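Those sequence lines, one after another, are chains A and B.
Each step along the first sequence adds one to the number in the numbering used here, with nothing skipped, and position 138 is 1630.
Each step along the second sequence adds one to the number in the numbering used here, with nothing skipped, and position 125 is 1617.
Number of protein chains: 2
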Amino acid sequence: MSIPSKTFDHINCSNCGKLNDSIFCCTHGEHLDVISDSKTCTIYKKGQVLFNEGGHPFGVYCVNKGKIKISIVGDEGKEQIVRLAKDGDVLGYRSILASERYNATAIALEDSQVCFVPKDVFLSVLKEDRPLSGEVMKLLSTQLREAEIKLTHLAQKPVRERLAETLLFLKETYGTQEESEFLDVQLSREEIANLVGTATETAIRLLSELNKEGVIELSGKKIKIVNHRLLVRIANLNDY
Amino acid sequence: MSIPSKTFDHINCSNCGKLNDSIFCCTHGEHLDVISDSKTCTIYKKGQVLFNEGGHPFGVYCVNKGKIKISIVGDEGKEQIVRLAKDGDVLGYRSILASERYNATAIALEDSQVCFVPKDVFLSVLKEDRPLSGEVMKLLSTQLREAEIKLTHLAQKPVRERLAETLLFLKETYGTQEESEFLDVQLSREEIANLVGTATETAIRLLSELNKEGVIELSGKKIKIVNHRLLVRIANLNDY
DNA sequence: ATTATTTTATGATATAAATCATGTTTTGCA
DNA sequence: TGCAAAACATGATTTATATCATAAAATAAT
């Protein structure tokens, strides 16, 4: 898609409400100003691509408000969603640090406000700012752990358990809507399948199974977790 | 196993032949000396545990000579090997950076010489040494990419392809023996299965299948890749 | 508004891979 | 050196999940 991206009002990083949730939480003063002054603030419409697998990275993306999926396409062209990003999350920095091309594609799951910091600015601040590199290392460490656990579950757990786990993960990541208690993300069944690592039909089938069992409630694309406790048991999380 | 670990002759890091292959490649002078002076050099016999999933990290392990498997045990107690380490590789740093317990277990695949650097020394040098934190970030980035790709393949590729891929990975990681051309690692069929993410019987079956097809040659635990080109095709690596 | 297209939903069927079962070989150990 | 235990090998069977097929519902496009 090549819908022209609109910009949104420039937010000064130091006033950004998401600052403390991000890797820039401990970055202050001049360092933060340099980033703030150099960045551009863009709106990505639902379905728009922030960056593409195989492409050259030119900077890092900082999600101000929105939801982004990060996915890898496998050999047969099937999408595997490897991560989800929300407010305060930073994307595309991994490729920059490793001096590689993007190994994943980032696509907006809904209209999102995203700030873009040029590569050289990010790297130069990173070089000076100790706390920032600490945060970056911490983030990478966390993501590596999560990926390795996900990998293990993919190898060992049946689809139903992984689906349950995914639903809990969605709740944890994006939360629920105020009143309705529906999960605050709208994913297609195919996307859920690509998150779980299964066929779309299987995901659909198991979702309606959980629905019939009264564990969840489905209303179109909306999903409500009715029996959280039971869902945890179905997910079979001995770990947490 | 609690076989008492023997130590080996203390190697000064600056003379270490593996230095340039490690994250300490750009660390010099005093910083390197501090590490070198504080470290202990231990021999781990085959099967010995360097550290355990769930345990508290007290330092980082630097493989001087040897082969180590890093694995996570899944809910049903099944081992999933998530990484393999060789000379020059550093282990256990992820947990330290994230201030978490180990999320994986490290076990020697053969008698190995491993240096141990205490946590506080590692962290204090890391805080001072810019190049080191750059290398750490680069390493984490690479490992994250690898984990995400592995995860995708686990979700999407059939066992046979993953097995082929694993064999190629073993060759790439540990190389082959001079004359014989056999892979320079001895893994049990179960370990191969736990690397591929399949049942032991399936791994055994597919290995002897590849053997009959003349792609590989089996001699006990020894494996020789006879037809590399064909194995790459079987692995179905559109990516590389 | 009407049609076309995509997404969701289920059923039927096929199949890859796990599990169970049994024998053989290798390895470690007393 | 011989015995027990572990690892390897293969066949038979089961099972989970993918694939194929078709229809209804929802979305998007004209």
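Ideal Cβ positions, reconstructed from N, Cα and C, are used throughout, including at glycine.
Since we're looking at a predicted model, the values are computed, not measured.
Between residue 1602(A) and residue 1498(A), the C-beta spacing is not below 7 Å.
Residue 1534(B) holds the alpha-carbon nearest to the alpha-carbon of residue 1500(B) among 1525(B), 1534(B), 1542(B) and 1692(B).
Taking C-alpha positions only, residue 1625(B) is separated from residue 1618(B) by approximately 6 Å. Less than 7 Å divides the Cβ of residue 1558(B) from the Cβ of residue 1604(B). By the neighbour-count criterion, in which 16 or more other beta carbons inside 10 Å mark a residue as buried, residue 1561(A) falls on the buried side. Here residue 1561(B) is bridged, per DSSP, to 1576(B) and 1599(B). Listed by position along chain A, the residues whose Cβ is nearer than 9 Å to that of residue 1628(B) are 1625, 1629 and 1632. For residue 1542(A), no alpha helix (DSSP H) encloses it; the enclosing beta strand (DSSP E) starts and ends at 1541–1543. The stretch 1590–1600 of chain A makes no contact with the stretch 1671–1679 of chain B; the number of CB pairs closer than 8 Å stays below 3. With the criterion set as a beta carbon lying under 8 Å from some beta carbon of chain B, the stretch 1601–1618 of chain A has no members that meet it. Taking a contact as a CB-CB distance under 8 Å, the pair residue 1728(B) and residue 1653(B) counts as one, their CB atoms being some 5 Å apart. Considering only 1665(A), 1573(A), 1519(A) and 1590(A), the residue with the shortest C-alpha distance to residue 1632(B) is 1590(A). Considering only beta carbons, the part of the stretch 1556–1573 of chain B lying closer than 7 Å to chain A consists of 1564, 1566, 1567, 1568, 1570 and 1572, in chain order. Interface annotation for the stretch 1642–1653 of chain A against chain B: 1642, 1643, 1644, 1645, 1646, 1647, 1648, 1649 and 1653, criterion Cβ-Cβ distance under 9 Å.
Here the stretch 1709–1729 of chain B makes contact with the stretch 1658–1666 of chain B; the two share three or more CB pairs at distances below 8 Å. When Cβ-Cβ separations below 7 Å define contact, residue 1635(B) makes contact with chain A. For the pair residue 1578(A) and residue 1552(A), the Cα-to-Cα distance works out to about 15 Å.
In the structure shown, residue 1503(A) falls within a coil segment according to DSSP collapsed to helix, strand and coil. Of all alpha-carbon atoms in 1645(B), 1637(B), 1723(B) and 1684(B), the one lying nearest the alpha-carbon of residue 1706(B) is that of 1723(B).
Among the CB atoms of chain A, none fall inside 7 Å of the CB of residue 1544(B).
The contact set of residue 1589(A) on chain B, defined by CB atoms closer than 7 Å, consists of 1629, 1630 and 1633 in chain order. Taking all protein chains shown into account, residue 1504(A) has fewer than 16 neighbouring C-beta atoms within 10 Å of its C-beta and is therefore exposed.
The CB of residue 1596(A) comes closer than 8 Å to the CB of 1640 in chain B, given here in chain order. For residue 1544(B), the CB contacts under 6 Å within the same chain, skipping 5 residues up- and downstream, are 1597 in chain order.
Listed along the chain, the chain B residues whose CB falls inside 9 Å of the CB of residue 1689(A) are 1643, 1644, 1646, 1647 and 1648.
Secondary structure at residue 1594(A): coil, using DSSP grouped into helix, strand and coil. Within chain B, no C-beta atom comes less than 9 Å from the C-beta of residue 1681(A); the nearest is roughly 16 Å away.
Contact holds between the stretch 1694–1702 of chain A and the stretch 1639–1657 of chain A, because three or more Cβ pairs, one in each stretch, are under 8 Å apart. Proximity of chain A to residue 1622(B) at the Cβ level (cut-off 8 Å) is accounted for by 1619, in chain order.
Using a Cβ distance threshold of 7 Å, residue 1695(B) and residue 1684(B) count as a contacting pair. The alpha carbon of residue 1629(A) has as its nearest neighbour, out of 1647(A), 1674(A), 1672(A) and 1582(A), the alpha carbon of 1582(A). Chain B places a beta carbon closer than 7 Å to that of residue 1728(A), counting this residue as a contact. Leaving aside the five residues that flank residue 1710(B) on each side, the residues in its chain whose CB is nearer than 6 Å to its CB run, in chain order, 1703. For a cut-off of 8 Å, the C-beta gap from residue 1549(B) to residue 1587(B) is around 4 Å, short enough to register as a contact. In the three-state DSSP reduction, residue 1521(A) falls in the helix class (H, G or I). In chain order, 1681, 1682 and 1685 place their CB closer than 7 Å to the CB of residue 1692(A), counting only its own chain and leaving out the 5 sequence neighbours on each side.
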